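Numbering (UniProt numbering), first residue to last: 27 to 480. All C-beta atoms in this analysis are idealised placements derived from N, C-alpha and C, irrespective of residue type, glycine included. Nothing here was measured: the structure is a model prediction, and the numbers come from that model.
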Ligand code: GLN
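In structure tokens, the structure reads:
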């Protein structure tokens with residue numbers, strides 16, 4: 027019992043879960059036992075999953091890592107988690123995350139940061155970021171306190187935390203997973219996806235999560251491919267594009283060395299590397315940091331103290347004062363920054379200069395990929411320009427935090443499937459990820475290349 031309690035305490039010290047629901051996981055295990063007797067096992071029968079706190083879970087706290095949704099228990103279940111339940115999965119609990127999925131380190135959460143289970147060789151016991159915004163998901167899977175988890179990715183939030191913690195994570199093509207019941211951040215970018223130890227686990231999870239949903243107007247009305255059955259590490263005839271614009275200055279040598287190794291691994295699997303150009307890459311980050319805050323400022327207008335969660339009523343105040351007091355108390359600094367940026371770029375005087383311009387550049391970035399995919403079948407890059415950084419290292423400088431998304435956001439803006447797979451360790455013994463981007467709807471080649479690297 028002592029050993030068990032110590033293990034539980036050290037797991038809880040990671041701060042990965044915001045709510046624990048062991049009874050839910052046990053109920054799924056019991057249901058799986060019964061289903062086994064009837065010969066009706068779902069693909070995830072009895073598998074206990076961690077669920078990012080962005081997914082609405084019926085009667086279980088769903089806060090998006092924000093004070094403004096404190097104690098909010100939705101009377102409904104998100105489509106993705108309902109799909110997972112239909113496949114037999116249970117829920118271990120809700121996973122910590124950056125507030126409203128805004129962040130790259132899980133440090134903007136109202137519940138405090140998640141601690142990565144990894145340590146630098148020369149860092150003593152200094153705590154590292156698990157990446158973000160799906161930092162609870164990445165830490166829980168890496169620490170083996172969840173066999174797999176859900177994540178969401180708006181501009182890298184599945185892939186970058188997967189890279190930081192040495193696990194796999196895939197963001198499917200925009201529209202594959204229903205956004206219904208997922209707290210909205212930037213609706214034209216938000217996508218759910220799995221985070222797990224292996225590529226195969228990701229394929230199994232994604233098959234269960236994906237599928238058409240009439241409740242999401244951007245959901246793709248297409249059958250879900252049998253990704254797991256289609257897994258093969260034979261890449262004969264596939265051309266891998268290596269975008270020259272991703273060779274950016276300031277990226278540590280071991281990340282570029284890993285990228286070269288990745289090219290060799292895919293060559294060994296039968297693929298042929300080709301150099302490609304994605305000329306608008308350098309505009310992707312500024313474009314993302316206009317479009318995402320613009321959509322966020324609109325989506326977050328619904329938190330007004332009337333409909334959900336927190337309500338702060340100042341003495342003698344009117345309705346406007348209640349809105350202002352509630353939002354001031356409920357939103358953290360990063361969320362407020364995004365709302366202000368978003369409101370600014372959407373304001374009458376600046377709309378054309380920023381928002382319209384960003385939409386145009388987004389089209390050019392999309393077109394870059396379309397042209398590149400005439401010469402290649404998938405693209406290989408590093409997932410992030412650094413290994414996990416220390417908690418607190420980047421909180422004083424939001425732009426340095428945003429720069430960590432530099433390799434992840436172009437695929438998000440283009441709506442393409444993209445995956446991070448563990449590639450190896452850097453000289454500090456920290457995991458580094460390789461990033462695979464596929465054509466629209468071609469998750470299979472992404473998964474297969476991931477399998478070849480794994
Ligand atoms: N780190 C990026 C941001 O802060 C991406 C977040 C995400 O993908 N949810 O916006």
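Beta-carbon within less than 7 Å of residue i's beta-carbon, same chain only, minus the 5 sequence neighbours each way: which residues are those?
{"i": "residue 306", "result": "387, 390, 391, 394"}
{"i": "residue 402", "result": "265, 266, 267, 300, 302"}
{"i": "residue 470", "result": "251, 253, 256"}
{"i": "residue 85", "result": "99"}
{"i": "residue 170", "result": "none"}
{"i": "residue 486", "result": "Residue 486 lies beyond the range of the chain shown here (27 to 480); nothing can be said about it."}
Based on Cα-Cα distance, which residue from the options lies nearest to residue i?
{"i": "residue 303", "options": "453, 186, 400", "result": "400"}
{"i": "residue 67", "options": "110, 101, 42, 77", "result": "110"}
{"i": "residue 185", "options": "195, 65, 102", "result": "195"}
{"i": "residue 113", "options": "231, 415, 351, 30", "result": "231"}
{"i": "residue 421", "options": "100, 122, 129", "result": "129"}
{"i": "residue 51", "options": "89, 90, 192, 116", "result": "116"}
{"i": "residue 379", "options": "357, 313, 362", "result": "313"}
{"i": "residue 459", "options": "125, 226, 448", "result": "448"}
{"i": "residue 446", "options": "464, 454, 345, 440", "result": "464"}
{"i": "residue 366", "options": "323, 222, 37", "result": "323"}
{"i": "residue 41", "options": "155, 368, 376", "result": "155"}
{"i": "residue 126", "options": "359, 149, 83, 210", "result": "210"}
{"i": "residue 145", "options": "474, 473, 452, 467", "result": "452"}
{"i": "residue 152", "options": "454, 298, 48, 472", "result": "454"}
{"i": "residue 188", "options": "64, 427, 414", "result": "414"}
{"i": "residue 318", "options": "436, 198, 308", "result": "436"}
{"i": "residue 23", "options": "339, 64, 362, 106", "result": "The question about residue 23 has no answer here: the residues shown for the chain are numbered 27 through 480."}
{"i": "residue 181", "options": "429, 28, 362, 456", "result": "429"}
{"i": "residue 224", "options": "443, 248, 356, 168", "result": "168"}
{"i": "residue 157", "options": "345, 362, 89, 192", "result": "192"}
{"i": "residue 384", "options": "332, 321, 344, 179", "result": "321"}
{"i": "residue 104", "options": "281, 276, 239, 278", "result": "239"}
{"i": "residue 216", "options": "136, 53, 197", "result": "197"}
{"i": "residue 94", "options": "328, 274, 248, 206", "result": "328"}
{"i": "residue 351", "options": "53, 337, 286", "result": "337"}
Give the range of the beta strand (DSSP E) segment to which residue i is assigned.
{"i": "residue 464", "result": "457 to 464"}
Below 6 Å CB to CB, which residues in the same chain sit around residue i once its five sequence neighbours on both sides are set aside?
{"i": "residue 482", "result": "This structure gives no information on residue 482, because the portion of the chain shown stretches from 27 to 480."}
{"i": "residue 139", "result": "132, 133, 417"}
{"i": "residue 120", "result": "44, 45, 77, 79"}
{"i": "residue 335", "result": "94, 95, 96, 98"}
Strictly by DSSP, which residues pair up with residue i?
{"i": "residue 439", "result": "Per DSSP, none; premise fails for residue 439."}
{"i": "residue 175", "result": "76, 221"}
{"i": "residue 446", "result": "195, 461"}
{"i": "residue 267", "result": "300, 405"}
{"i": "residue 83", "result": "86"}
{"i": "residue 416", "result": "154"}
Under the three-state reduction of DSSP, which class applies to residue i: helix, strand or coil?
{"i": "residue 48", "result": "helix"}
{"i": "residue 120", "result": "strand"}
{"i": "residue 163", "result": "helix"}
{"i": "residue 126", "result": "helix"}
{"i": "residue 274", "result": "coil"}
{"i": "residue 200", "result": "coil"}
{"i": "residue 43", "result": "strand"}
{"i": "residue 208", "result": "strand"}
{"i": "residue 110", "result": "helix"}
{"i": "residue 383", "result": "helix"}
{"i": "residue 170", "result": "coil"}
{"i": "residue 63", "result": "helix"}
{"i": "residue 400", "result": "coil"}
{"i": "residue 363", "result": "helix"}
{"i": "residue 184", "result": "coil"}
{"i": "residue 393", "result": "helix"}
{"i": "residue 102", "result": "coil"}
{"i": "residue 18", "result": "The requested residue 18 does not occur in the structure, where the chain is confined to residues 27 to 480."}
{"i": "residue 257", "result": "coil"}
{"i": "residue 429", "result": "helix"}
{"i": "residue 9", "result": "The displayed coordinates of the chain run from 27 to 480. Any statement about residue 9 would go beyond what the structure contains."}
{"i": "residue 378", "result": "helix"}
Tell me which residues share the same chain as residue i and place their Cβ nearer than 8 Å to its Cβ, disregarding the 5 neighbours each side in the sequence.
{"i": "residue 398", "result": "267, 269, 302, 303, 304, 405"}
{"i": "residue 283", "result": "none"}
What span of residues does the alpha helix (DSSP H) with residue i cover, start to end?
{"i": "residue 473", "result": "469 to 479"}
{"i": "residue 454", "result": "Unbroken run through residue 454: none, as it is neither H nor E."}
{"i": "residue 339", "result": "Per DSSP, residue 339 belongs to no alpha helix (DSSP H) and is neither H nor E."}
{"i": "residue 423", "result": "Looking at the DSSP string, residue 423 is not in any alpha helix (DSSP H), and its letter there is neither H nor E."}
{"i": "residue 315", "result": "310 to 325"}
{"i": "residue 280", "result": "279 to 294"}
{"i": "residue 352", "result": "345 to 356"}
{"i": "residue 38", "result": "28 to 38"}
Just to check, is the beta-carbon of residue i closer than 7 Å to a non-hydrogen atom of the ligand ADP?
{"i": "residue 168", "result": "Of the ligands this structure carries, namely the ligand GLN, none is the ligand ADP."}
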